[in-house]
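Colleague: Each residue of the sequence shown is one higher than the last, beginning at 138 in my numbering.
By construction, the Cβ of each residue, glycine as well, lies at the ideal position given by its N, Cα and C atoms.
Keep in mind that this is a model prediction, so the values were computed, not measured.
Handing you this structure, nothing more for now.
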Amino acid sequence: MTRAVTAPRPSALQTRASLAEYRPTWSQAIARVTRHEDYGAGHRWLDLEVSSGMTVPVAGQFVQLLLVAPSPVLLPRPMSIADAKLTRGRLTLSFLYAPVGTGTQSLAALGPGDAIELLGPLGRGYPLEESGTPVLIAGGRGVAPLLFAADALAAQSRPCVFLFGARTRELLVGLDDAKRRLSKSGSELHLATDDGSRGTRGNVLLLLERLRRTHPGPLVIHSCGPHRMLEAVARWALTHGRRAHLAMESVMACGTGVCRGCPMPRSEESRRRFDRERGTSPSLYGNQEYAMCCTEGPVFAAADLDWDRVE
Numbered sequence: 138m139t140r141a142v143t144a145p146r147p148s149a150l151q152t153r154a155s156l157a158e159y160r161p162t163w164s165q166a167i168a169r170v171t172r173h174e175d176y177g178a179g180h181r182w183l184d185l186e187v188s189s190g191m192t193v194p195v196a197g198q199f200v201q202l203l204l205v206a207p208s209p210v211l212l213p214r215p216m217s218i219a220d221a222k223l224t225r226g227r228l229t230l231s232f233l234y235a236p237v238g239t240g241t242q243s244l245a246a247l248g249p250g251d252a253i254e255l256l257g258p259l260g261r262g263y264p265l266e267e268s269g270t271p272v273l274i275a276g277g278r279g280v281a282p283l284l285f286a287a288d289a290l291a292a293q294s295r296p297c298v299f300l301f302g303a304r305t306r307e308l309l310v311g312l313d314d315a316k317r318r319l320s321k322s323g324s325e326l327h328l329a330t331d332d333g334s335r336g337t338r339g340n341v342l343l344l345l346e347r348l349r350r351t352h353p354g355p356l357v358i359h360s361c362g363p364h365r366m367l368e369a370v371a372r373w374a375l376t377h378g379r380r381a382h383l384a385m386e387s388v389m390a391c392g393t394g395v396c397r398g399c400p401m402p403r404s405e406e407s408r409r410r411f412d413r414e415r416g417t418s419p420s421l422y423g424n425q426e427y428a429m430c431c432t433e434g435p436v437f438a439a440a441d442l443d444w445d446r447v448e
């Protein structure tokens, strides 16, 4: 059963619209597990089939997952979407995760045919339609939404540059998937590990700096990973005058801006724009000081956040 909260508006790629233009199109549905298996280094891959009626998500968006069967988990868990396929009216959403807490450990026990409640798609995705060379920067299991983004770009025959970093070669989870998707569009793949066991010894900033020297044209960065890595990427982009869009993680209870649990500090530029578009009244989009990660994010432009105050 699917219950639409607002009329679905499918879109191949989501534009980073202004606050005034943005209209959420999420639905609540019961989904069924169709695939659930180990994915390497303690990670799991999950496919959920959703009945018709849900808006097809774009790369960077997320859903809230809530176990249907009795469990110790009260609140839903936000999870980024690693893939989305619509086949004969059936939407399949894929997720890459590590069962590290109570919620994800309970999720890991589900098998084919089991039901799970789903709310989504939520938030804003990557503005992949921007001109310039798309650069996808993944840190660890932050690779999930960027696998989706690589597929979306390949569908448009747009090559990209994919920078993938992790602590060790074993933690380059999803590397085979990334290679397969990137091969569709003739994209580049560059690797970095902290211990030098695969690719360049070091982090993705080294790869990014190397890329700046070899690609003189406009680079448009799309990134997901640990906050420290995202902050470094954002500061690099702001220093070098490059556009960057970063998928942030935060604790979210509702995913729709109601609970106010996922504030992100605005930059001065973002505060001025919020005042122009929304006025001084608090809303589901936050207030003058803080944006809600769930409704204005999880993908933010680097210039929209105050990185001195991001935790």
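To the nearest angstrom, report how far apart P194 and G339 are at their CA atoms.
Modeller: Near 34 Å, if we compare the C-alpha coordinates of G339 and P194.
Colleague: Is the CB of V280 under 9 Å away from at least one CB in chain D?
Modeller: No chain D is part of this structure, which consists of one protein chain only.
Colleague: Quick check: what's the CA-CA separation for T192 versus Q198?
Modeller: One C-alpha to the other measures close to 11 Å.
Colleague: So, are the CB atoms of A371 and L356 less than 9 Å apart?
Modeller: No. Outside cutoff.
Colleague: With the cut-off set at 9 Å, would you say R278 and G311 are in Cβ contact?
Modeller: The answer is yes: Cβ separation under 9 Å.
Colleague: If you compare alpha carbons, which of R410, A245, I274 is closest to A374?
Modeller: Measuring from the Cα of A374, the nearest candidate turns out to be I274.
Colleague: Tell me which same chain residues have a C-beta within less than 8 Å of the C-beta of R446, skipping the five on either side of it?
Modeller: Correct list, in chain order: P402.
Colleague: My parser needs the alpha helix (DSSP H) runs of 4 or more residues fully inside the region 377-416; what are they?
Modeller: DSSP runs (the alpha helix (DSSP H)) wholly in the region 377-416: 405-415.
Colleague: Ignore the nearest five residues each way along the sequence and tell me which others in E406's own chain have a CB closer than 8 Å to its CB.
Modeller: Here the set comprises A440, D441.
Colleague: So, at 8 Å on beta carbons, what are the nonlocal neighbours of H364 in its own chain, with the 5 sequence-adjacent residues on each side left out?
Modeller: Excluding sequence neighbours, H364 sits near M385, E386, V447, E448.
Colleague: Return the residue from the list V237, W182, Q165, D175 that minimises the CA-CA distance to L202.
Modeller: Among V237, W182, Q165, D175, the Cα nearest to that of L202 is on Q165.
Colleague: Are the beta-carbon atoms of A286 and T330 separated by less than 9 Å?
Modeller: No, the pair does not count as a contact, with Cβ atoms beyond the cut-off.
Colleague: Alpha carbon to alpha carbon, how far is L308 from L233? Give it in angstroms, no decimals.
Modeller: Rounded to whole angstroms, L233 to L308 spans 13 Å at the Cα level.
Colleague: Just the Cα atoms here: how many angstroms apart are L204 and L328?
Modeller: If you take the alpha carbons of L204 and L328, they lie about 36 Å apart.
Colleague: Of the choices V436, R225, C297, G276, whose alpha-carbon is the least far from that of M366?
Modeller: For the residues V436, R225, C297, G276, the minimum Cα distance to M366 belongs to G276.
Colleague: Name the two residues that bound the continuous beta strand (DSSP E) containing D175.
Modeller: Counting along the chain, the beta strand (DSSP E) containing D175 begins and ends at 164-177.
Colleague: Just to confirm, is the Cβ distance from G394 to M429 under 9 Å?
Modeller: It is a contact, given that the beta carbons lie within the stated cut-off.
Colleague: Cβ of R408 within 9 Å of Cβ of Q425?
Modeller: Contact: yes.
Colleague: Fully enclosed by the region 295-367, which alpha helix (DSSP H) runs are 4 residues long or longer?
Modeller: Within the region 295-367, the complete alpha helix (DSSP H) runs of at least 4 residues are 312-320, 341-351.
Colleague: For A439, name the three-state secondary structure that DSSP assigns.
Modeller: Correct three-state label for A439: helix.
Colleague: Rounding to the nearest angstrom, what Cα-Cα distance links I218 and R410 in this structure?
Modeller: If you take the alpha carbons of I218 and R410, they lie about 29 Å apart.
Colleague: Taking the Cβ atom as the reference point for each residue, do A221 and I167 lie within a distance shorter than 9 Å?
Modeller: In this structure, I167 does not lie closer than 9 Å to A221 by Cβ.
Colleague: Buried or exposed for S320, please, with buried defined as at least 16 other CB atoms from any protein chain shown within 10 angstroms of its CB.
Modeller: It counts as exposed.
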